[in-house]
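Residue numbers (the working numbering): 235 to 758.
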């Protein structure tokens with residue numbers, strides 16, 4: 235009879251230092267002992283750089299070993315890891331670095347231009363900038379580890395990841411949870427995977443987790459870290475392509491992964507002969523979330539991969555609900571029932587809890603503790619009713635407790651599983667001298683779900699046309715990450731606003747969605 239898996243990666247590394255726990259994107263295999271040594275040395279380097287309990291470090295890194303070294307170091311040293319979306323441009327990264335109070339920035343040379351600009355704008359000392367590879371003005375990452383002890387550090391304490399999520403103001407806000415003072419081993423590391431039927435290595439020793447989306451996403455890092463902590467080896471993808479994913483599943487017999495519907499869509503678009511070339515029968519849990527999945531795409535994946543296609547609903551702030559393939563086939567459109575550690579309720583605009591079958595705002599409550607938006611008390615309080623919080627989705631619960639989502643109150647655009655906030659785009663548009671007023675919203679896109687479009691009211695003296703549209707689009711690329719930039723610009727003589735200045739965005743959006751709504755796709 236096998237003994238229980240030690241709680242957490244660190245305990246496993248002490249007992250099984252020669253076991254392979256991570257396969258890097260280039261195929262290099264990392265043992266538990268080697269990864270353990272690296273994260274211990276990084277703790278030493280960060281403390282030598284002056285970081286103390288409750289301080290933050292920011293990382294602009296691709297999927298790779300350095301990301302996990304940073305995550306493990308922070309979560310055993312009482313620090314906050316701030317993962318930064320590497321698609322952001324310099325000013326956007328600078329905001330997060332400054333707002334989080336990050337005292338060290340670690341960046342990959344692939345993102346050197348925007349990382350250097352961000353560090354300069356945030357006023358980060360050159361002594362606290364570190365590069366994986368070479369970036370002008372940054373010290374080599376290896377210096378952080380050089381000469382530091384490989385043994386576990388003193389004063390170990392559980393730290394947290396502080397992800398940044400945006401609101402209707404367009405400025406990202408950090409989701410900060412209070413340090414508990416517990417040892418890392420005292421936390422229930424990876425336990426939430428049991429909600430999805432994924433068990434520790436001691437119970438199911440053949441599990442392998444495939445990381446196929448960027449680790450700066452809350453859920454992707456949480457699923458991967460949890461898998462590592464319960465003894466499952468990780469296989470990392472740097473840049474996702476559908477055929478490479480199939481190859482990795484086949485080669486390493488991957489059993490579970492976290493995905494978004496756009497990836498399903500692209501997998502289904504592969505030629506049949508390519509699909510037949512790979513054995514994906516090892517996959518037991520292809521868990522998707524982050525964006526609505528069109529019914530025909532989900533049915534296509536279930537037809538191909540079977541009952542392993544599972545769905546969840548949650549937010550960076552917490553969650554959530556879970557639906558198996560069987561649940562979804564019985565109740566098409568559901569995102570599932572609440573996790574054991576969460577409660578879901580529907581409230582109306584007056585704060586009254588609604589019965590089953592009535593549409594309202596979806597609120598969630600976690601039994602594991604609360605959170606606060608960093609430096610934004612008003613936002614923290616605004617979206618709460620007691621211990622329940624909301625991210626602005628509209629939905630209903632049926633008589634069996636299954637959740638169905640209907641719309642978003644918050645005017646998000648969801649493109650390829652990524653949240654995009656119109657207010658931030660509109661602010662960038664309005665910095666162009668030819669723009670008198672602007673609106674940004676999502677329109678249907680077969681692959682991404684939605685793509686960003688801008689509608690612009692030209693300023694006096696500026697004639698609408700293709701030339702001005704190109705000029706405005708080029709302007710946006712200097713102020714916004716590529717995925718946030720509008721893909722096209724349409725013009726309007728006068729923006730539809732009421733006397734108080736409220737924009738009737740639905741009037742602008744509806745014509746673009748008419749055909750899609752008829753086909754069963756709804757705007758958010």
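Every residue, glycine too, gets a C-beta built ideally from N, C-alpha and C.
It should be emphasised that the depicted structure is a prediction, and the values quoted were computed from it without experimental measurement.
{"Check": "Residue range of the unbroken alpha helix (DSSP H) whose run includes residue 647", "Outcome": "Taken as a continuous stretch (DSSP letters only), residue 647 belongs to no alpha helix (DSSP H), being part of the beta strand (DSSP E) at 647-649."}
{"Check": "Best match in 664, 459 and 583 for proximity to residue 691 [C-alpha to C-alpha]", "Outcome": "664"}
{"Check": "Cβ contact (3+ pairs, closer than 8 angstroms) linking the stretch 283-295 and the stretch 254-265", "Outcome": "no"}
{"Check": "Through-space distance from residue 462 to residue 455, alpha-carbon basis", "Outcome": "10 angstroms"}
{"Check": "Candidates 469, 513, 499 and 505: closest to residue 480 by CA position", "Outcome": "513"}
{"Check": "contact_flag[the stretch 415-429, the stretch 330-342] where n(CB pairs < 8 angstroms) is 3 or more", "Outcome": "no"}
{"Check": "Cβ pair residue 267, residue 247 closer than 7 angstroms", "Outcome": "yes"}
{"Check": "CB of residue 449 within 7 angstroms of CB of residue 421, strictly", "Outcome": "no"}
{"Check": "Buried or exposed by the 16-neighbour rule on C-beta atoms within 10 Å, applied to residue 570", "Outcome": "buried"}
{"Check": "Segment limits, beta strand (DSSP E) that includes residue 678", "Outcome": "669-679"}
{"Check": "Environment of residue 412 [buried if 16+ CB atoms lie within 10 Å]", "Outcome": "exposed"}
{"Check": "Limits of the unbroken alpha helix (DSSP H) element including residue 497", "Outcome": "495-502"}
{"Check": "Whether residue 522 touches residue 545 by CB criterion (7 angstroms)", "Outcome": "yes"}
{"Check": "Cα-Cα separation, residue 330 to residue 506", "Outcome": "44 angstroms"}
{"Check": "Assigned exposure category for residue 364 - 16 Cβ within 10 Å defines buried", "Outcome": "buried"}
{"Check": "Chain-order list of residues whose beta-carbon lies under 6 angstroms from that of residue 242 (same chain, five-residue window excluded)", "Outcome": "418, 419, 423 and 463"}
{"Check": "Residue nearest to residue 540 in terms of C-alpha spacing, selected from 730, 563 and 549", "Outcome": "563"}
{"Check": "Alpha helix (DSSP H) segments (min. 4 residues) lying fully within the stretch 519-602", "Outcome": "529-539 and 559-564"}
{"Check": "Residue 245 in three-state terms, based on DSSP", "Outcome": "helix"}
{"Check": "Distance CB(residue 629)-CB(residue 637) smaller than 7 angstroms", "Outcome": "yes"}
{"Check": "Euclidean distance between Cα positions of residue 441 and residue 434", "Outcome": "8 angstroms"}
{"Check": "Burial state of residue 445, where buried means 16 or more other Cβ atoms lie within 10 Å", "Outcome": "buried"}
{"Check": "Buried or exposed by the 16-neighbour rule on C-beta atoms within 10 Å, applied to residue 375", "Outcome": "buried"}
{"Check": "Residue closest to residue 388, alpha-carbon to alpha-carbon, out of 304, 312, 639 and 256", "Outcome": "312"}
{"Check": "Sub-7 angstroms separation of residue 660 and residue 674 beta-carbons", "Outcome": "yes"}
{"Check": "Pairwise C-alpha distance: residue 385 and residue 250", "Outcome": "15 angstroms"}
{"Check": "Inter-stretch contact at 8 angstroms, needing at least 3 Cβ pairs: the stretch 573-585 / the stretch 593-609", "Outcome": "yes"}
{"Check": "Residue 768 vs residue 684 beta-carbon contact at 7 angstroms", "Outcome": "The structure shown has nothing for residue 768, since the chain only spans 235 to 758."}
{"Check": "Supposed contact pair residue 340 and residue 304 - C-beta distance, whole angstroms, cut 8 angstroms", "Outcome": "6 angstroms"}
{"Check": "Neighbourhood of residue 549 by C-beta distance below 7 angstroms, restricted to the same chain and skipping five residues each side", "Outcome": "625"}
{"Check": "Residues near residue 379 in its chain [Cβ-Cβ closer than 7 angstroms; skip 5 each side]", "Outcome": "272, 275, 276 and 279"}
{"Check": "C-alpha gap between residue 632 and residue 609, whole angstroms", "Outcome": "37 angstroms"}
{"Check": "When 594, 538, 534 and 519 are compared against residue 557, the one with the closest alpha-carbon", "Outcome": "519"}
{"Check": "For residue 722, the first and last residue of its enclosing beta strand (DSSP E)", "Outcome": "722-725"}
{"Check": "Sequence-distant residues of its chain with Cβ nearer than 8 angstroms to residue 535 (five each side left out)", "Outcome": "498, 501, 502, 520 and 543"}
{"Check": "Every unbroken alpha helix (DSSP H) within the stretch 302-374, with a cutoff of 4 residues, ordered by chain", "Outcome": "324-334 and 346-356"}
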